[in-house]
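Structure first, commentary second.
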Amino acid sequence: MIRKTTTSAVAAALTTALVLTGCSTKAADSSGGGGGGGLKTDVGVTDDTISLGIQTDLSGAFKVGGLGATQANQMWVEEVNANGGICERQIEIDTQDNNYKPDNALPLYDQQKTKVLGLLQLLGSPVLAALKQKLASDNMLAATTSWASSNLDIESPLMIGETYDVEMINGLAWLKSEGKISDGDKIGHIYVDSEYGQNAALGVKYYAEQYNLDVSSEPIAATDSDMTAIVAKLKDAGVKAILLTTSPAATGSIAVQNVSQNLNVPLMGNGPTFAPSLLADQSLIEPLKQFWFVSSFAPMSADIPKAKELLATYQEKFTDKPQPSVFQGYTAGIVWGEILKQACDDGDLTRQGVMDARKKLTDVDTEGLTGTLDFSDPGAPTTREGFVLTVDPSTADGLTIVKDLSASDDAKKYKTPYQK
Numbered sequence: 312m313i314r315k316t317t318t319s320a321v322a323a324a325l326t327t328a329l330v331l332t333g334c335s336t337k338a339a340d341s342s343g344g345g346g347g348g349g350l351k352t353d354v355g356v357t358d359d360t361i362s363l364g365i366q367t368d369l370s371g372a373f374k375v376g377g378l379g380a381t382q383a384n385q386m387w388v389e390e391v392n393a394n395g396g397i398c399e400r401q402i403e404i405d406t407q408d409n410n411y412k413p414d415n416a417l418p419l420y421d422q423q424k425t426k427v428l429g430l431l432q433l434l435g436s437p438v439l440a441a442l443k444q445k446l447a448s449d450n451m452l453a454a455t456t457s458w459a460s461s462n463l464d465i466e467s468p469l470m471i472g473e474t475y476d477v478e479m480i481n482g483l484a485w486l487k488s489e490g491k492i493s494d495g496d497k498i499g500h501i502y503v504d505s506e507y508g509q510n511a512a513l514g515v516k517y518y519a520e521q522y523n524l525d526v527s528s529e530p531i532a533a534t535d536s537d538m539t540a541i542v543a544k545l546k547d548a549g550v551k552a553i554l555l556t557t558s559p560a561a562t563g564s565i566a567v568q569n570v571s572q573n574l575n576v577p578l579m580g581n582g583p584t585f586a587p588s589l590l591a592d593q594s595l596i597e598p599l600k601q602f603w604f605v606s607s608f609a610p611m612s613a614d615i616p617k618a619k620e621l622l623a624t625y626q627e628k629f630t631d632k633p634q635p636s637v638f639q640g641y642t643a644g645i646v647w648g649e650i651l652k653q654a655c656d657d658g659d660l661t662r663q664g665v666m667d668a669r670k671k672l673t674d675v676d677t678e679g680l681t682g683t684l685d686f687s688d689p690g691a692p693t694t695r696e697g698f699v700l701t702v703d704p705s706t707a708d709g710l711t712i713v714k715d716l717s718a719s720d721d722a723k724k725y726k727t728p729y730q731k
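Each residue of the sequence shown is one higher than the one before, counting from 312 in this note's numbering.
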């Protein structure tokens, strides 16, 4: 029987690190299970372990999403190890809480870089921006739970899913296809003024130029949660829709003010804008009926066999309400698993070998959890497909699919800053 774990217990356990042993550096050309004669290794790989790191937010503005992704990382590791590991080695993880703050992330990274082969999770666009040069100089591959395409100027970020700019283009295309906005309309965009929101704004700008939309932009801090004045300003501007690249707390405030100020326009968000914990407040359920968001990942309540399997495992193991970031975290595990298998087959489990292996993956299948993933161009989104989701309190994770996995024509044509 798997023991159910509460949020506080999981957070405490994870921040002290799930496993800290077996992280010593291994000399090149050590014996191993890949590629024929010998297996090349360096940092984070021993004869019987592969160590991966996690830097997440378990106590800051995005702690709900961080916890869900980390729980799913743990699920993947346990599943892999129960099935014999990868390359005849067990996976071990070192988990640290950066509180969504770059100042915390920098010293934590310096501790982790001597122990781990790569990062199974790195949460936060400002955190990624702060660590980018270190990641590049250390040849460290990092699966990011941040999707700013502006950070793809180096090869280290492993962004699984649409980037924020592509999400916004797909969201706007859906609003237009549903008749919720029209050519020439004025729209608002409330966004966290970091790489997160600024990258989403690139997609908004691109789409607005195609359809002559007038955008009223409102940057906020990640910790801002009272949106009363900003919604009033957008109402005065006469917007026909509001785009959100915010924290879940800000999303809740925007939804309430949209109704209480009698604006009642459609709200469209990026993936990180929603957390099921919002639905614990009964007063938010009605206002959130005017909210949709684009997600690269299926909701946990989706009628997809793999989703059903993972939902059952999650509910058996944890007491927390299932949320979108769980599939993000599990999919990161799937991708890392494929990379490690490829590197093992190539006979090279060094950091460079892992970097080379990722470029050989062009059609990673996640069994419907997200689109088919192509990692061959590190400067481009790994997929341009996403789901359009809306709130449904009757489902396990409070979400339901409005539009199945697809990419709009505009998203397909859009060129991200560093794609080849």
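Positions of the beta carbon are idealized from the N, C-alpha and C atoms, including for glycine. Keep in mind it's a predicted model, so treat the numbers as computed, not measured.
Roughly how many angstroms separate the alpha carbons of residue i and residue j, rounded to a whole number?
i	j	result
I404	P587	27 Å
L590	V391	33 Å
E743	G472	What is shown of the chain runs 312 to 731, which leaves residue 743 out entirely.
D667	T534	38 Å
D476	K600	24 Å
V605	D688	23 Å
N409	G376	13 Å
K632	D708	6 Å
K726	D359	43 Å
Q593	L680	29 Å
K551	A453	39 Å
T701	I553	15 Å
P610	K617	11 Å
Y517	Q366	32 Å
G495	L524	5 Å
I565	D656	50 Å
S461	V515	14 Å
A459	G690	11 Å
E389	S636	18 Å
F698	N573	29 Å
Beta strand (DSSP E) containing residue i: first to last residue?
i	result
E403	Q401 to D408
L700	G697 to V702
T456	A453 to T456
Y502	K497 to V503
P413	No beta strand (DSSP E) contains P413, which is instead part of the alpha helix (DSSP H) from P413 to Q423.
Which first and last residues belong to the alpha helix (DSSP H) in which residue i is found?
i	result
P437	S436 to D449
W387	K374 to A393
M538	Note, M538: premise wrong, no alpha helix (DSSP H); not H, not E.
Excluding the 5 residues preceding and the 5 following residue i in the sequence, name in chain order all residues of the same chain whose CB lies nearer than 8 Å to its CB.
i	result
E649	L672 and V675
Q422	Q407
E597	V570
Take residue i and list the residues in its own chain whose beta-carbon comes closer than 6 Å to its own, dropping the five residues that flank it on each side.
i	result
A718	R695 and E696
D464	Y729
G343	Summary for G343: the model assigns pLDDT 36, below 50, so the residue's position carries little reliability; its value from the coordinates is reported in the next sentence. Excluding residues within five positions, the ones whose Cβ falls inside 6 Å are L350.
A654	L660, G664, V665 and A668
F638	F608 and L680
A339	Below a pLDDT of 50, predicted positions are generally treated as unreliable, and A339, at 36, falls in that range; the measurement from the model is reported next regardless. Contacts found: K351.
Can you name the residues that DSSP bridges to residue i?
i	result
G364	D405 and L430
K351	D659
V675	L684
V526	I498
G580	L555 and F604
If we count the other Cβ atoms within 10 Å of its Cβ and call it buried at 16 or more, is residue i buried or exposed?
i	result
T556	buried
E627	exposed
K374	buried
N581	buried
T332	Here the model assigns T332 a pLDDT of 34, short of 50, so the residue's position is not dependable and the matter cannot be decided.
N510	buried
Q444	exposed
Here's a check: name, in chain order, each residue in its chain whose Cβ is nearer than 7 Å to the Cβ of residue i, leaving out the five neighbours to either side.
i	result
T455	L433, L439, P468, L469 and M470
T336	With a pLDDT of 30 at T336, under the threshold of 50, the predicted position of this residue should be treated as unreliable, and no value is reported.
P437	P413, S505 and E506
A447	I465 and S467
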